[in-house]
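No gaps in the numbering here: position 70 of the sequence shown is 69 in numbering that gives the first Met the number 0, and each next residue is one more. For glycine and all other residues, C-beta sits at the position ideal for the given N, C-alpha and C.
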Amino acid sequence: MIIKKEYLIPNMECSMCVLHLEGLQDKLPGIQGIQANLHHQKLVIEYDKCQISEKQILENIEKMGYQVKSEHP
0 MIIKKEYLIP
10 NMECSMCVLH
20 LEGLQDKLPG
30 IQGIQANLHH
40 QKLVIEYDKC
50 QISEKQILEN
60 IEKMGYQVKS
70 EHP
């Protein structure tokens, strides 16, 4: 089952941050798509919850040094 979630990344500050975050699609199994919006500091992730959990995705983002806040708490 494909899930689409939106997150705020308040410390996404440059185009390299965008590339870094979007690169997760190639590194983590189950991620179907990632779109980072620098202007709005928003990250939209589509993933297969049968292959990877939201917790695993968020842990990987935090390991990269980014803060993650749910778009809709």
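Is residue i close to the ligand HEM? I mean its beta-carbon at under 6 Å from any heavy atom of the ligand.
{"i": "ASP47", "result": "The ligand HEM is not part of the structure shown, which contains no ligands of any sort."}
Looking only at its chain, what residues have a beta carbon closer than 6 Å to the beta carbon of residue i, apart from the 5 residues adjacent to it on each side?
{"i": "LYS68", "result": "LEU7"}
{"i": "GLN24", "result": "ILE30, ILE33"}
Among residues of its own chain, excluding the 5 on either side of residue i, which ones have a beta-carbon nearer than 7 Å to its beta-carbon?
{"i": "GLN31", "result": "ILE1, GLU45, TYR46, ASP47"}
Can you check which of these residues, the options, is closest to residue i by C-alpha distance?
{"i": "LYS4", "options": "CYS49, GLN55, LEU42, GLY22", "result": "LEU42"}
{"i": "GLY22", "options": "ILE33, GLU12, ILE56", "result": "ILE33"}
{"i": "LEU18", "options": "GLN50, LEU37, GLN55", "result": "LEU37"}
Let me confirm a value: residue i is counted as buried when at least 16 other C-beta atoms fall within 10 Å, else exposed. Which label applies?
{"i": "MET15", "result": "exposed"}
Considering residue i, what are the terminal residues of the beta strand (DSSP E) in which it resides?
{"i": "GLU45", "result": "41-47"}
{"i": "ILE30", "result": "30-36"}
Within the same chain, show all residues whose beta-carbon is closer than 8 Å to that of residue i, passing over the 5 residues directly before and after it, in chain order.
{"i": "TYR65", "result": "ILE8, ASN10, MET11, CYS16, LEU20"}
Span of the alpha helix (DSSP H) holding residue i?
{"i": "ILE60", "result": "53-62"}
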